[in-house]
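Protein chains in written order, with the numbering used here: chain A, 190 to 728; chain B, 190 to 728.
In what follows, a structure is listed as structure tokens, so that the remarks can point back to it.
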């Protein structure tokens, strides 16, 4: 085996990621995230800008990583004063970090407009700051801001900035595409030009932004050209369109032959199966839904809906997967839908314990019902339980546990005795069990909640069976706009056993669509109880 | 000016985009989306697979585009039967399309495993299908499935498939990275190798998937290497991690100097400022929140939070923007301070004809109300009319046209005299105008429709003013799942003048949220009428 070049992973989730509109980390968030990053195996964890705000200052009162180098970010010393007299630099060097990453202007235009100093003063600030960090026992890094745009405008000056940082002893000179508009072939050319001046690739990093959707491609182009450190964030958060997504880059660097054969990272190969969990845990912490279409880790990354693809996939998964889902801790999914062929259906049924022969005419009947219903708005791929009920009804038998005689839902807005607006939702449901009528009434937070409460208030002999049923989530989608709107409702239910199931209802009336989904949920629960009882009896 | 090469934009939102888990287009959706694509200036609109499912079959009973070529997708003829005897091919050729895009296997392993025929039979299927399409008066295209993986496994056979399609007269041979795992430098090498065999780049297309986050980079690498057609989808939807995002590619091809100087597309440069609107309109249709971090069109794409960046940005926006936000119809956002927020508000109000002084305390009051309401679920970004009403109420005065005494909505499910299920929705609304009570009742297709009809049934002296008011669209989003769900309703209204406006309502009760949005719509209409009358009187 040939020696592979080491690629250093630098995470800036807590610093550049903090610039994401809508993201605001607390000190506790930062502690939790730095622990996740450290445990996973990143080389550098940039924690923020001590001195710039109270959160970052508090976060840097302690070193927060064990294996990873803990990095404080800050500006080079100001022009016109010495390094030892700059209070900002002093705060930065006193922070409890292993390394300091200085942001330095490398586009002459910015030196003039943003810093208001001379080009030479800026070079002196870079040199003096790097030397001060070394003297304080820190590993110095320099982020060359706007390096690519600066290089295009004035290559000599951009190179002078990088060279000054290198000669002063910076461990890494990081080439930043701050505006995010540089294209991969430009990155490749400019990195090669820098290396040609004598700064080794082993001292160069890349910091890319996603403004043209190419932060990952730009990072890989820089690595191909010789950079050996890559900066990015978890799930690609960051200013504007975000930074390079390190989750995606890790998948590609570690699993794609073109990279894995030539490069290695500090991440233990066994840890790689935790990639999906890392990505989702971070979204949990941000309290947002994970991106289903995220490379490697998205819920859809290994999902197949197409009939022709699905049947080949089942014959040999490798034919439709560029890496295996379990290598990153993800799952393969084959979904039932409008697009599905017969083999899709048979497999979907098999997974639910329903055996059916390929030539059974009832199967064709089921497929045509599903296609018809999906054309009218049902979405069985998102409603497993309703699909299973429909299949069992069509292929075999489900006992008729109860029937519905009717329901009535009322929403009223009026003034109460103190003149305040009052909104009341009330539902009445009439069900028949073994010929006996059960009529219930309930009030709720809204009409669907009232209907749910009334439906499950008196279920006669089944009551104790459904006591642990909980409505966990509720989604509404208007399928076509305007006055002839069709409404689709998806309901997620769960019970004491922790199992979760989804049911669907479709109607021009939102209340009726909700009722259908609620009914399916209750019937599924009763059926599930019987299956479980049957299995226990058989044992 | 030198001649620029023409790049053809091929949209497959309605075909490959349909493979996205969770996306299910109805025929009405497809009609709306194809009209959007056609109007924007795409060269090809692939509508689906006629014969594969009822939706696509219905969609292809008419030609759905005016300028763009309307494309039907389908498989090449089956091996072992002649083209004229293949019922699938016959259905495909009978569809009302301008062009037919055949999917053809080009990886010998897939020919064996998925098709179960010989390599030669597959070549014959490609040739005969292309010829049959030509004979039927259609423009033939061939999607070479798994081309890149196939080329790596057996370059001769992959090339033979492309060559056969080309020699049979296919207008485009599209090289597909079906599994999405190919890297940009591999795309570049393989496209060059294909062109070296004599198939001109002017006949080659690229179809990339985002499984390593590089669908856009792969598409651009293929264009650099010579491909002149690029396939993708709106907002990058598609199977697994999605297809190449055409919104992003259009931004880059039309605005980035490296491409715009060498290539041109069919998109009228003046249309480009509609890119953000196109992207958001598509998300609206999918009823999902737009990705804030999307390149070019995301709400955060030109947003700056950082103090240092923000102050330089205000000195000269070009220093921190790789293209200007207005070139794609997006907006610059600076979220630095109250000050930045304030000027944003003043500008938003000015656009609506509302003048307010920067130091007016009512402005601070308005900002705090908007922030509070947005935190509780209101989305004023999508509800211009509700924002304007709130601003006018807070800053100045809006006459109290009427007041609401209350409403009652009832939905009942019962059996009619013939034993059929019957669902009735009825609403009663009590409004007071000039101290006089007006009570109306109406039945509707659902509770919101009934409420809308009852609300507008008797508006006393205002009745003739609101006669042309039409509810054009209605959207519901559940903001947080589970039992404490908050519902947000957005309503789009229009009138005889063709003006459209959006209003919003938020409540734990979906009926109440709908009522708020309906009320705002009527009040906005009355206010608009008065403004118009005032302007006419002043002239």
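Just so it is clear, CB atoms sit at the ideal spot from N, CA and C, and this is done for glycine as well.
Bear in mind the structure is a predicted one, so any value in this text is a computation, not a measurement.
Of all C-beta pairs linking the region 687-706 of chain B to the region 594-613 of chain A, three or more are shorter than 8 angstroms, placing the two stretches in contact. Boundaries of the alpha helix (DSSP H) harbouring residue 248(B): 243-248, taken from the DSSP string.
Distance from the CA atom of residue 199(A) to the CA atom of residue 441(B), rounded to whole angstroms, is 28 angstroms.
Against residue 430(A), the close residues of chain B are 482, 483, 484, 487, 489 and 490, in the order they occur along the chain (beta-carbon pairs closer than 8 angstroms).
Interface criterion met: the Cβ of residue 701(B) is under 8 angstroms from a Cβ in chain A.
In terms of Cα proximity to residue 354(B), the closest of 294(B), 381(B), 410(B) and 369(B) is 294(B). One thing to note: residue 433(B) has its Cβ within 8 angstroms of the Cβ of residue 421(B). Taking C-beta atoms as the reference points, residue 591(B) and residue 616(B) fail to come closer than 8 angstroms.
Contacts with chain A (Cβ-Cβ distance below 7 angstroms) from the region 379-400 of chain B involve 399 and 400, listed in chain order. When Cβ-Cβ separations below 8 angstroms define contact, residue 419(B) makes no contact with chain A.
Inter-segment contact for the region 371-389 of chain A and the region 306-316 of chain A is absent: fewer than three beta-carbon pairs are separated by less than 8 angstroms. For residue 475(A), the enclosing alpha helix (DSSP H) covers residues 464-475.
Neighbours of residue 554(B) in chain A, taken as residues whose beta carbon is under 7 angstroms from its own, are absent, since the nearest beta carbon is some 22 angstroms off. Residue 405(B) has a beta carbon lying within less than 8 angstroms of a beta carbon in chain A.
Under the three-state reduction of DSSP output, residue 309(A) falls in the helix class.
With fewer than 16 other beta carbons inside 10 angstroms of its own, residue 659(B) counts as exposed. Rounded to whole angstroms, residue 431(A) and residue 460(A) show a C-alpha spacing of 25 angstroms.
Around residue 602(A), the beta-carbon contacts reaching into chain B at under 8 angstroms are 593, 595, 596, 597, 701 and 704. Taking the C-beta atoms as reference points, residue 678(A) is found no nearer than 8 angstroms to residue 643(A). According to the DSSP assignment, residue 334(B) belongs to the beta strand (DSSP E) that extends over 328-334. For the region 647-670 of chain B, the residues whose beta carbon sits under 9 angstroms from a beta carbon of chain A are, in order, 659, 660, 661, 662, 663, 664, 665, 666, 667 and 670.
Neighbourhood of residue 298(A) in chain B, by CB distance below 8 angstroms: 508, in chain order. Under the 8 angstroms criterion on CB atoms, residue 210(A) is classed as interfacial with respect to chain B. Each of 231(A), 485(A), 253(A) and 233(A) was checked against the Cα of residue 218(A), and the nearest Cα belongs to 253(A). Counting along the chain, residue 199(B) sits inside no alpha helix (DSSP H); it lies in the beta strand (DSSP E) bounded by residues 197-200. At least one CB of chain A lies nearer than 8 angstroms to the CB of residue 373(B). In this structure, the beta-carbon distance from residue 534(B) to residue 556(B) falls below 8 angstroms. Distance from the CA of residue 314(A) to the CA of residue 352(A), rounded to the nearest whole angstrom, comes to 13 angstroms. Among the CB atoms of chain B, none fall inside 8 angstroms of the CB of residue 693(A).
Contact of residue 445(B) with chain A by beta-carbon distance below 9 angstroms involves 370, 372 and 401. Rounded to whole angstroms, the separation of the alpha carbons of residue 479(B) and residue 485(B) is 12 angstroms.
In the DSSP assignment, residue 610(B) falls within the unbroken beta strand (DSSP E) covering 610-622. Interface with chain B (8 angstroms Cβ-Cβ cutoff): residue 571(A) is included. Taking the Cβ atoms as the reference, residue 320(B) lies roughly 7 angstroms from residue 358(B), within the contact range of under 8 angstroms. Contacts between residue 697(A) and chain B, judged by CB atoms closer than 8 angstroms, involve 634 and 635 in chain order. Scanning its chain for C-beta atoms nearer than 8 angstroms, with the 5 sequence neighbours on each side dropped, one finds around residue 247(B) the residues 216, in chain order.
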